[in-house]
Every structure is written in C-alpha cells, then in structure tokens.
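Everything below concerns the one structure shown next.
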Amino acid sequence: MASWQAYVASWMVWWRFKGSLQTVKALRQRIETDRQTKSTRPPAHLETQFTIEERHLGGCTLYDVAPKSEMPNQARILYLHGGCLLFEIDVAHWQMVAALAERLRAVVTVAIFPLAPEHTLMEIFDAVRPVYDDLALPSQDKTPFFVVGDSTGGSMGISLTQEALKAGRPAASRLAFMSPCVEFTFQNPEVRQVAQTDPWLDVPGFEEAVRYLCPDVSPDDARVSPLYGDVSELPPTLIFAGSTEMLTPDIRKFVAKVREQGREIEYVEGEGMMHVWPLVQFLPEAREAVDKLVRWLEYGKS
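Take the sequence shown: its position 77, counting from 1, is numbered 1204 in our numbering, and each next residue is one higher.
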C-alpha cells in the first residue's frame, strides 16, 4: 500500500501536469512555457557542494558533477533526464544526480540535449551518441561506466546501449532506469486503459510528441521503441515503475523479454506509485528506491 505522501503527490501532479498531456493545445502551451522559464544550468547550491565542469561534445552541453574530495572517483555515470524529449531538465533530476555523485563517489555526466519539436528523435540520438560512446571507452583509472535515466531518458539509454552492442562498440556495464518509455506506438489496449487513471501521463500528449519526434522513422522501429530491439546482450539492468502509470504494461513486457533471454534484470513495481516516483524525494518509497539504486550500482563497482 502506498504512503499517504504518495497519494498527495499523485493529486499534486494530476492538478499540475495531467491537463498538459490531454490536448495538443495544452501540450504546445506547456512547451512554450518550458522554453521561456527553464534553466538548464545546475542549481547554484550544487556548485557549493560539488565540483562541476561544463564541456561540450556532439550536440550536447555536458555537466560533470563530482564530489569535492581528494579521494579518487569510483564510477562514471551518464544521466539522461526525462520529459517526453520535449521538456528541459528539472530540479528533481539534479537532486538525483547529486545523490548519485555523493553516495557512489562518482562523476555524473548530465547531458543537456536538443529537444523536440525543434529536433527529431534521430537528431537527438545523433547529439547524444558521441557522449555515450566517449564515456563507454575504457578509462585509465578503470572505473565502471553506468547509464541512469528516467522516462524518455531511460528509453534513450536502452536504445543507445542496444545500438552500441549491435555495432560491437563498448557499452555501459550496468543500466538503471525509472519508468522508461519502452514503446512509442501506444497501441497496447492496456496502456490506454491505465492512462485514464494515470495521475500524470496521457496518450494524446505522447502521441503528439511522437509526431514531433518521428517524422522520418516509424515509432515501432527498434531505435525508437527499445521493446522491439535485441536484448540478448543487455547488461545487468534495474528498472523502477509504478502500478498507476500508463507506461507500466509495456515495461512489464520488456522485463519479461529480457528474462526470456536469460539476462539479468531486476524489476521494482511500486504499488500505488506514479510515474518516476523515485525522483520525488519527500516520499518514503522514493528514499527506499534511491537506497536500492545506490546499492545496486555499488555492487557493479566491484
């Protein structure tokens, strides 16, 4: 049973976000507001707690966030934020980045990538791919490379890993995703049924996002929908999802497919929990999820 805080959070996001994904007009208005008001720079308070270096690679601005410590860093993490590939990074993402950097003594590279509707999904992938490939190369200090992300950032992380493995290039040694969007056609009847009571997401907004993202590629292409890609070589993966979110029926299919291939995957479905619930720091369930995420990645450092 979900905590009372989780029920409050669900009502809060329903009031704040649900309407913007129910009509095309509302979605476009939210995108316009996002562009006018959101900053992509790390919050100022993080700069007092962490070493933050800005650099540029491919089509991305990168922020390398690391603990202020004389001890060597023990892992490299690429964080890919969610937001339908329409919206900029949010403070909740930066909070997760800070937790990972501090608790894992890791350098967390945050990729600020191009967004739709100004760019297509293939253009976004072209911008992020060089970042992934660069971090996946063996480092001189032999630190492991992990990919962590949420929502559409999670789907991009899976797709880029599948692509790297297929091409025989180095790939991440562990993956961890919160509510990844693994299927972009949204034709699963169960998805549409759950969407009616999902407190955050809805089908019309995602379908409009797909029209922006995929003018040149079918949404059932494996590069778009990693559910249809090869998972036979997927590295150990941890996935969180919520029972109330519309993405979960297809996430369950993805998890089952990975297990059928005999690959290691750990799946945590929060009963009564909404989309990307591990990012909501004031939830007791989220704190437990972050603890699990850290332990799971810590194990991959050995």
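Ideal placement from N, C-alpha and C gives every residue a C-beta, glycine not left out.
As the structure is a prediction and not an experimental result, all values here were calculated from the model.
Its Cα nearest to that of THR1247, the residue VAL1337 stands out among GLY1399, LYS1293, PRO1265, VAL1337. For ASP1277, the uninterrupted beta strand (DSSP E) segment begins and ends at 1272-1277.
Unbroken beta strand (DSSP E) runs of no fewer than 3 residues, entirely contained in the segment 1336-1397, are found at 1364-1369, 1392-1397, following chain order. About 26 Å separates the CB atoms of GLU1412 and LEU1354; that is not less than 8 Å, and the two are not in contact. Fully enclosed beta strand (DSSP E) runs of no fewer than 3 residues occupy 1177-1184, 1187-1194, 1202-1207 of the segment 1141-1214, in order along the chain. For LEU1420, the enclosing alpha helix (DSSP H) begins and ends at 1411-1427. Judged by DSSP secondary structure, ILE1251 falls within the alpha helix (DSSP H) whose first and last residues are 1248-1263.
Between ILE1216 and PRO1307, the beta carbon gap of about 17 Å keeps them out of contact (Cβ cut-off 8 Å). For THR1312 and ASP1348, the gap between their C-alpha atoms comes out near 10 Å. When only Cα atoms are considered, ASP1260 and ALA1254 end up about 11 Å apart. For TYR1426, the number of other beta carbons within 10 angstroms of its own is below 16, and it is reported as exposed.
In this structure, the beta-carbon distance from ILE1204 to VAL1237 does not fall below 7 Å. In this structure THR1364 is in contact with LEU1302, their Cβ atoms being roughly 4 Å apart against a cut-off of 8 Å.
Counting C-beta pairs with one atom in each stretch, the segment 1357-1372 and the segment 1177-1193 have fewer than three that are closer than 8 Å, which means they do not touch.
THR1164 and PRO1316 have their C-alpha atoms roughly 36 Å apart. Counting only the Cα atoms, VAL1330 lies some 14 Å from THR1371. Here DSSP, grouped into helix, strand and coil, assigns PHE1304 to strand.
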